[in-house]
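The next block holds one structure in the form of structure tokens; read it before the comments.
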Amino acid sequence: MFIVKVPGINGENSEGCERAGNAILDALKKIHSNEQGNIIDTKLLDLEEIHLDNSNLELTNKLIYENSLETFETKTQVIFLGGDHSISYSTTKAFIQYCKNEKKKPCLIIFDAHVDCLKTKKFATNRNWLRQIIEGGFPKEDILIVGARNIEKEEIIFTKENKIKILSLSSLIEDLSDMCDTIMEFSNGKELYVSINIDVIDPTFAPSTSYPEEGGLTSRQFLYLIQRIKKIKSLRAVDIVEINEKKDKDKVTIKLGAKILAELI
0 MFIVKVPGIN GENSEGCERA GNAILDALKK IHSNEQGNII DTKLLDLEEI HLDNSNLELT
60 NKLIYENSLE TFETKTQVIF LGGDHSISYS TTKAFIQYCK NEKKKPCLII FDAHVDCLKT
120 KKFATNRNWL RQIIEGGFPK EDILIVGARN IEKEEIIFTK ENKIKILSLS SLIEDLSDMC
180 DTIMEFSNGK ELYVSINIDV IDPTFAPSTS YPEEGGLTSR QFLYLIQRIK KIKSLRAVDI
240 VEINEKKDKD KVTIKLGAKI LAELI
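Just so it is clear: in the sequence shown, position 15 is 14 by numbering that gives the first Met the number 0, and no numbers are missing.
Structure, rendered in structure tokens:
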């Protein structure tokens, strides 16, 4: 699994997320193996960083897009370490282009407490990146949002008009194993990109994020989901975003991010 640090931010409350990649990798050094029994040796990781200037958003988006497209063309699987959720605009845009070039059908599954479909601006933010991707042509029927629990009125209207599938947390935890089967079936026959906003997890377990929302998944439930998703053969990319290192005084959220990363390696 190829790992790319993408320290991009463009949103309110997200200053500090650009430092998450290095912090997660540092915390990973203390994880000796994952729950599948695979040894974790950070010295052997295949990784790189996209060096960004967040004061120049046009250049930032261009660099993320170009580097991500090259990664999709040369690597079998990739994990992008954000950054806030605005980075997912450029990484998924590159994913769409890659799928077009290879004549493959894309699939996007998003774990998020929000749907990120507020009205678009010139540059994608961590609150509207998905709307920009949808308006840019990502096939709506191949998008699944999991865990959203605080959706603004304009977003409810937008997602309903565009028939975006949203899997509620109540449905998910009612039968976690069965819902995992549903998620896996949704991605069947498609190239899969999974976007993980850490706020899908309850702030008890992941407090340091831009927009924490009560009533989320436990860390144990989410790790089970990730372990199941890891088994999907068509999994091409994962991003882990919105971990705010600056706010994470006890490193609880960083350590959870490292644990999630370990289960994906």
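Just so you know, even glycine gets a beta-carbon here, dropped at the ideal spot from N, CA and C.
CB contact flag (residue i, residue j, <8 Å)
i, j, result
"residue 130", "residue 117", "yes"
"residue 21", "residue 209", "no"
"residue 170", "residue 183", "no"
"residue 165", "residue 252", "no"
"residue 214", "residue 199", "no"
"residue 33", "residue 173", "no"
"residue 39", "residue 49", "no"
"residue 122", "residue 9", "yes"
"residue 149", "residue 212", "yes"
"residue 81", "residue 239", "yes"
Beta-carbon contacts of residue i that lie in its chain and below 7 Å, excluding the five residues immediately before and after
i, result
"residue 161", "133 and 139"
"residue 37", "264"
Selection from the options that minimises the alpha carbon distance to residue i
i, options, result
"residue 46", "92, 252 and 24", "24"
"residue 124", "100, 165, 158 and 88", "88"
"residue 163", "205, 198, 148 and 114", "114"
"residue 194", "218, 107, 153 and 176", "107"
"residue 137", "110, 94, 148 and 83", "94"
"residue 341", "16, 2 and 14", "Any question about residue 341 goes unanswered here, given that the chain covers just 0 to 264."
"residue 259", "205, 56, 6 and 246", "205"
"residue 56", "85, 167, 43 and 68", "85"
"residue 67", "97, 156 and 128", "97"
According to DSSP, residues forming a beta bridge with residue i
i, result
"residue 221", "Answer is none; residue 221 lacks a bridge partner."
"residue 253", "Answer is none; residue 253 lacks a bridge partner."
"residue 234", "191"
"residue 2", "46 and 78"
"residue 38", "32"
"residue 239", "80 and 195"
Spatial neighbours of residue i in its chain, beta-carbon cut-off 8 Å, leaving aside the 5 residues before and after
i, result
"residue 175", "220, 223 and 224"
Fill in: alpha helix (DSSP H) runs contained entirely in the region 66 to 146, provided each spans 4 or more residues
86 to 101 and 128 to 134
Worksheet item: Can you give, in chain order, each stretch of the beta strand (DSSP E) that sits fully within the region 139 to 218 and has at least 3 residues?
Response: List check, beta strand (DSSP E) in window: 142 to 145, 164 to 166 and 190 to 196.
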